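Working notes, beginning with the structure itself.
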Amino acid sequence: MGVITEIINTISRVVVLPTFYYMIIMSAAPILLAALACAIALKANAINMGTEGIMTMSALVAVLVSSSVGGQAKGGPWLGLVAAIIVGAFLGFLVSVFAFRLKIDIILVGIAMNLICTGASVFLMYVLTGDRTTTTSLSSGTLPQVAIPLIKDIPIIGEILSGHYILTYVAYILVFVMSFLLFKTKLGLRIRAVGENEDAAESVGISSLHIKTIALIISGALGGLAGVFMSECYLAYFSSGLIAGRGFVGLAACNMGSGNPGIIALCCLAFGIFYGFSNFATLSNLSIYALNALPYAVVLVGVVIYSVYTRNKELKRLQGLESEENLEYSQPAK
Amino acid sequence: MENYLVMENVTKIYNNGIIANDKVNFSARKGEIHAICGENGAGKTTLMKMLFGIEQPDEGRIIIKGKDMHLNSPMDAIKAGIGMVHQHFMQVPTLTVAENVTLGIEPTNGIVFDMDKAIKMTTECCEKYGFEINPKAHVQDLSVGVKQKVEIVKALVKGCEILILDEPTAVLTPQETKELFVQLKNLRDSGCTIIFISHKLNEVKELCDRVTVIKKGKTIGVWNIKDVTEADISRYMVGVDVDLDIPKKPAEPKENVLVVKDLTVYNEAGKKKVDDVSFSVRKGEIVGIAGVEGNGQREMIDAITGLSKYSYGSITLMGKEVKDMDIKGLRTNGLVHIPEDRNLYGCARSMSIRDNMIADKITDPKYNNGLFINEKAIKEDTDKWIDEFGVLCDDGDQLVGMLSGGNVQKVVVAREFTSHSELVVCDQPTRGIDVGAAEFVRERMVQMRDQGKAILLISADLAEIMSLSDSLIVMHGGKINAFFKDVKSLTEEDLGFYMLGVKHMSEDEIRGALHE
Amino acid sequence: MSEKKETKNVFEKLFGGMDVEARFGLMRMAVAILIGLGTAIILILIGAKNPLESLKYFFLGPLQIFNPNVAKGIGWNYFDQWIQSAIPLLFTGTAICIMFSANKFNLGLEGAIMMGGLSCGWVCCLLDGDIQAANANPVACAILGLLVSMAAGALITSIPALLEKKWGASIMVTSLMLNYIALYISRYCLFSTNLRDTKTSKYSWQWTENVVLTFRKFMGTRFTLRLGFFIGLAIVVIGWAFLFKTKWGFKIRQLGQNPSFAKYVGVGIVGTGILVQIIGGAIGGLCGATVILGNYNYYYGVELTGYGWDGVTMGIFAGNNPKKVLPAALFIAYIRAGASIMATQPGGPINELTKIVEGVIVLFLLAEKFLAKTHRKMIVEEAKKKQALKAEAAKEVTE
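Same order as they appear, the protein sequences are chains A, B and C. In terms of this note's numbering, the first sequence opens at residue 9 and continues consecutively. In terms of this note's numbering, the second sequence opens at residue 26 and continues consecutively. In terms of this note's numbering, the third sequence opens at residue 350 and continues consecutively.
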């Protein structure tokens, strides 16, 4: 009983804090970017498990490029951003080459990619900076925080919605952009067609290889963005454990929404809520470590609920078809 | 009338040396519905694949509107005005009808897919040819009949003038078929050439203007439909070239092993595929099942062998109801099964010959001591079987995937025929294997019968089924259409009539299949 | 000339009996490893201040056996370092071989290792630690710890299996999430329960050195005999025997090679699928316990170990055959030990470069199209050779 009252107390203490909501929005953003990266690949029937590695590599590249041109003052973070996106896109392309041209199981390519990228990022960091764990010695800077005019002046709401890093806003805008890309454009149509029935797409002259490659390049670029978020917004440096499984959480969130950006965003926000909550656990006597497991448990439960939901939907659809046809069949045929 | 499309002396030899088409001639006029009839494996589909650019002919010419065409891909064929409706629909289920129809030729507005225009294109095409389809519906929510219409519209919207339909009515209900025919006739009247591949002679007779019959990869002839009867077409299509001479004593059937009673099976899409079928198989006899593919044999065999479940009726094996048995239970009760698809069900290609031969017997105490596998016993026995069944291989450790089709089949037969068995289900046991191996498999079947096993044989090879079976069941439209107690008196012409549904037996005669 | 012929004969003797596929597989592995080592050399040349010295340590370090610093009480002996890094690889490699043989993509090994280590640590603390000033028999304590760890590991990997069976949730995704849940459970137990040693507040309560020593026998100060390595070896052998010598293993492989075929010959495919994941998790738990018992006398699990992912690398190296896990583990452990010895030398580059090497080798091992032309050539040559032999035989017969 004590635990439950303590939980209720903590919740009531936390939900009144605007910073709690600010935290939710912020901590969901990198997951969201990673999930969107996985989503476009998933829609083309390519599971991009390498997102974790792509994030790691591009997070480092952003920091290195930024500091090498002179850091914050010289607009370094922006150049870092561009470089990271390019690197991410290239790594996405590499995944597609290994998976579709050299014919390796794409999940194993992703795992190998993660291995190489985590190794290469630390190695690169060491070779270029002499540091073994973090790049705190570099002054790479951060991307700017944006105060939204008008909204920033509204009490509470301004505190929650305004003043985020620019990439946070980009992440949420990308949900709509991705929806648009997948569901409104010709490319999106072809990506979905290839992902669902490759033969059908090929039979009308669409090259599934090209479409999948494009999807993975976009996926890589988004992974790059997610990486930059970690090293130029979330923190102002790169460290070896920086990504800490966010790529995998993104993969899970994407799997839960079966690649649909709207549902993915909701799933990421749910993760954010519990993640934010665990960050405020210092306000209570609850164990922060137990609370830390919550966001992952939420995603796990979400994945299960969503698969039950899709399974039931599919079953209902089939049953609907069945009864319709039986009706027709039961009519006298002769 | 001028020929719109001519295929001249077209020959296709597959990599495995099978001659699918041997100097086939085919021509179609503008604005006609032209049927191509032939048995399974006669080469109809290969011919159409060449016309649609999926396969390329080794010899011969394809002439469209007087021009020599080289069709290297479906895209070339689409450009040449050819459209094909495959048996398995080429559709993306979660997309809308309009999206599916315009896939590949998407109307765009900048980079944006122009949904309105796609809907307009679809509606215009539908209106022009009299189809009623909601362009905004998702394909997955449509019934099979409407899906097929989508497939036709998909071809028409790309400007096709020759439409190939590969057994289009196989998946349709009678109502849907009727509707389809009205639309196809409309299409013909608006100048489209339709090539209609079918086994169903009544449909051919009703719908088509001319018919080309193909047998064993060769053209038999072309007739105006008015000039031939269903019986004529059947006679041209069906024919046994060689009389298989299999030495066989008269059967001495004893008690029932397998009893199938009032069996009804629905497939996944909920369509009734087996309709109230009853028969039995007794010890010491071979019961054959003949029928054109897609008349319920597949679903019935899957139900008997436990590969899928059935909803109504009963199947008993050695007096035990099998409904709730898993395959292991069935096998313990004496079922062995040579599956139709030997690569999907019959073997694990990346495992060794030994592993494949022993696959169903591994729990037998002879081959394991409770903890470890007895490799010595396995090696001895499999070596013996490799020898006995004449599997051509380096040794038993070779992977099955490295063997030729005939030898793979021998491995399957060796496994099944050496297991404890009461009922032997042989599903297309000699399909696609060489003459020697086929002869061997047939001899073994007779041997098994003489040992007192009950044998159920399903085969598309009429010569085989007529010479092997002691009694014969013919299936048509999911029902038993005929039962012959004695196959000797049966002529192939008659068999063809029953298989194609030209003739029907009375209920009483059919009831003879169930020995009670 | 004659020397060349000699080497060819040796080659023939070694590989002549193999069929083309096995020979090609061996060749591809050799090429992939050479590419990997080439990568390593390049990286060392880039990263090291004193490349030649570093290369020497990388390639020969683990063979030197003795680390001069050990006499001063710092670090491990080099050879010992090699064996030590091989231990978890033996476990995880075998576990992945078994799970992947049935085509079950359960990545929850990482979590199983966490839980195994945690539960074993807890058992030792309770029975033979200063948490309750208990003092049980160290051997019994270790054995009980190992058993409990197996159960804990199996629990973790069976969750995705059951979730898939019951609700069709993707094994891969749920197992990935479970890894993190396991991590935080471990941290929770370590920091928020009475497992935490209130004095150090970083580790759990300690258990007696006796338990550790059971696992780590010192022979003088110079040589360590690790029981963990032998348990790992036993797991490899048992795993191999289970997968290739028992009827259960046979069924597992059938399921993995062709599920339709498995169903058709009467394998209970659902139960077998769950069984392999339970076994894999149990081995993972055992791995966690062995690593903890072999190295520390307290539990210290605040980060994911990465051993789970190592298992996937091992599985790929070994081609899902536990028999090959031993050489694969020794190889990977060797380059890791080499790299870490190299990294501790002044000016030596960072040891993470081995991850790059491993990743590169994995990619080239798996690439179906890599060396495809050579493969084809080998097949053609073999066919020609066979034909020639046949022709010769026919000739002899006619003569």
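From the three backbone atoms N, C-alpha and C, an ideal C-beta is built for every residue, glycine too. Since this is a predicted model, take the numbers as computed values, not measurements.
Tell me which residues share the same chain as residue i and place their Cβ nearer than 8 angstroms to its Cβ, disregarding the 5 neighbours each side in the sequence.
i	result
residue 533 of chain B	none
residue 293 of chain A	14
Tell me where the beta strand (DSSP E) around residue i begins and ends.
i	result
residue 362 of chain B	360-363
residue 88 of chain B	84-89
residue 235 of chain B	235-240
residue 222 of chain B	218-222
residue 249 of chain B	243-249
residue 528 of chain C	No beta strand (DSSP E) contains residue 528 of chain C, which is instead part of the alpha helix (DSSP H) from 520-541.
residue 94 of chain B	92-94
residue 62 of chain B	58-62
residue 529 of chain B	Segment: none, residue 529 of chain B is in no beta strand (DSSP E) and carries neither H nor E.
residue 307 of chain B	297-307
residue 291 of chain B	281-291
Could you please give the first and the last residue of the uninterrupted alpha helix (DSSP H) stretch that includes residue i?
i	result
residue 477 of chain C	458-477
residue 92 of chain A	84-104
residue 55 of chain A	Looking at the DSSP string, residue 55 of chain A is not in any alpha helix (DSSP H), and its letter there is neither H nor E.
residue 394 of chain C	369-396
residue 320 of chain B	Per DSSP, residue 320 of chain B belongs to no alpha helix (DSSP H) and is neither H nor E.
residue 148 of chain A	Residue 148 of chain A -> no alpha helix (DSSP H), and no H or E assigned at all.
residue 393 of chain B	Run containing residue 393 of chain B: none; DSSP gives neither H nor E here.
residue 259 of chain A	254-264
Excluding the five sequence neighbours on either side, which residues of its own chain have a C-beta within less than 7 angstroms of the C-beta of residue i, listed in chain order?
i	result
residue 494 of chain B	311, 312, 313, 482 and 512
residue 410 of chain B	382, 439 and 443
residue 432 of chain C	575 and 578
Could you give the distance in angstroms between the alpha-carbon of residue i and the alpha-carbon of residue j?
i	j	result
residue 104 of chain A	residue 473 of chain B	54 angstroms
residue 20 of chain A	residue 176 of chain B	58 angstroms
residue 586 of chain C	residue 131 of chain B	59 angstroms
residue 123 of chain A	residue 143 of chain A	20 angstroms
residue 412 of chain C	residue 413 of chain B	55 angstroms
residue 340 of chain A	residue 362 of chain B	Low local confidence applies: a pLDDT of 35 at residue 340 of chain A is under 50, so the model's placement there is unreliable, with the coordinate-based value given in what follows. Computed Cα separation, rounded: 37 angstroms.
residue 659 of chain C	residue 312 of chain A	27 angstroms
residue 635 of chain C	residue 526 of chain C	21 angstroms
residue 328 of chain B	residue 503 of chain C	37 angstroms
Cα-Cα, which of the options is closest to residue i?
i	options	result
residue 211 of chain A	B:491, B:79, B:467 and B:374	B:79
residue 144 of chain B	B:451, B:155, B:126 and B:137	B:126
residue 70 of chain B	B:158, B:166, B:191 and B:152	B:191
residue 7 of chain A	A:170, A:57, A:149 and A:154	Because chain A in this structure spans residues 9 to 342, residue 7 of chain A falls outside the shown range and cannot be described.
residue 48 of chain B	B:243, B:460, B:369 and B:359	B:243
residue 501 of chain C	C:391, C:627, C:387 and C:703	C:627
residue 643 of chain C	C:390, C:434, C:381 and C:543	C:434
residue 631 of chain C	C:454, C:499, C:376 and C:469	C:499
Can you give me the Cβ contacts of residue i inside the same chain, cut-off strictly under 6 angstroms, excluding the 5 residues immediately before and after it?
i	result
residue 222 of chain B	61, 69, 191 and 192
residue 338 of chain A	In this prediction, residue 338 of chain A has a pLDDT of 36, which is less than 50 and means its spatial position is unreliable; nothing more can be read from the coordinates.
residue 237 of chain B	51, 61 and 247
residue 91 of chain A	69 and 73
residue 296 of chain A	289
Would the C-beta of residue i count as close to the ligand SAM, meaning under 7 angstroms from any of its heavy atoms?
i	result
residue 141 of chain A	Inclusion of the ligand SAM in the displayed structure is not the case, the ligand content being empty and no account of it being possible.
Query raised in the report: Can you list, in chain order, the residues of the region 523-545 of chain C whose Cβ is nearer than 9 angstroms to any Cβ on chain A?
Result: For the region 523-545 of chain C, which is checked against every Cβ of chain A, the residues closer than 9 angstroms are 523, 525, 526, 527, 528, 529, 530, 531, 532, 533, 534, 535, 536, 537, 538, 539, 540, 541 and 542.
Report task. Scan the region 360-381 of chain B for residues whose Cβ lies nearer than 8 angstroms to a Cβ of chain C and list them as they occur along the chain. Result -> Interface annotation for the region 360-381 of chain B against chain C: 362, 364, 369, 370, 371, 372, 373, 374, 375, 376 and 380, criterion Cβ-Cβ distance under 8 angstroms.
Query raised in the report: Just by C-beta distance, which residues in the region 112-123 of chain B are closer than 9 angstroms to chain A?
Result: Identification of residues in the region 112-123 of chain B having a C-beta nearer than 9 angstroms to some C-beta of chain A yields 113, 114, 115, 116, 117, 118, 119 and 120, given in sequence order.
**Report entry** Members of the region 236-263 of chain A that neighbour chain C once the beta carbon cut-off is set at 7 angstroms
**Finding:** Residues 253, 256, 259, 260 and 263.
**Report entry** Residues of the region 294-315 of chain A whose Cβ lies closer than 7 angstroms to any Cβ of chain C, in chain order
**Finding:** Look at the region 294-315 of chain A: the residues with a C-beta under 7 angstroms from a C-beta of chain C are 295, 297, 298, 300, 301, 304, 305, 307, 308, 311, 312 and 315.
Requested in this report: Could you run through the region 587-609 of chain C and flag, in chain order, every residue whose CB is less than 8 angstroms away from some CB of chain B?
Outcome: When CB distances to chain B are screened at a threshold of 8 angstroms, the residues of the region 587-609 of chain C falling below it are 590, 594, 595, 596, 599, 600, 602, 603, 606, 607 and 609, in chain order.
Query raised in the report: Residues in the region 100-127 of chain A with C-beta within 7 angstroms of chain B's C-beta atoms, listed in sequence order?
Result: The region 100-127 of chain A vs chain B, Cβ under 7 angstroms: nothing.
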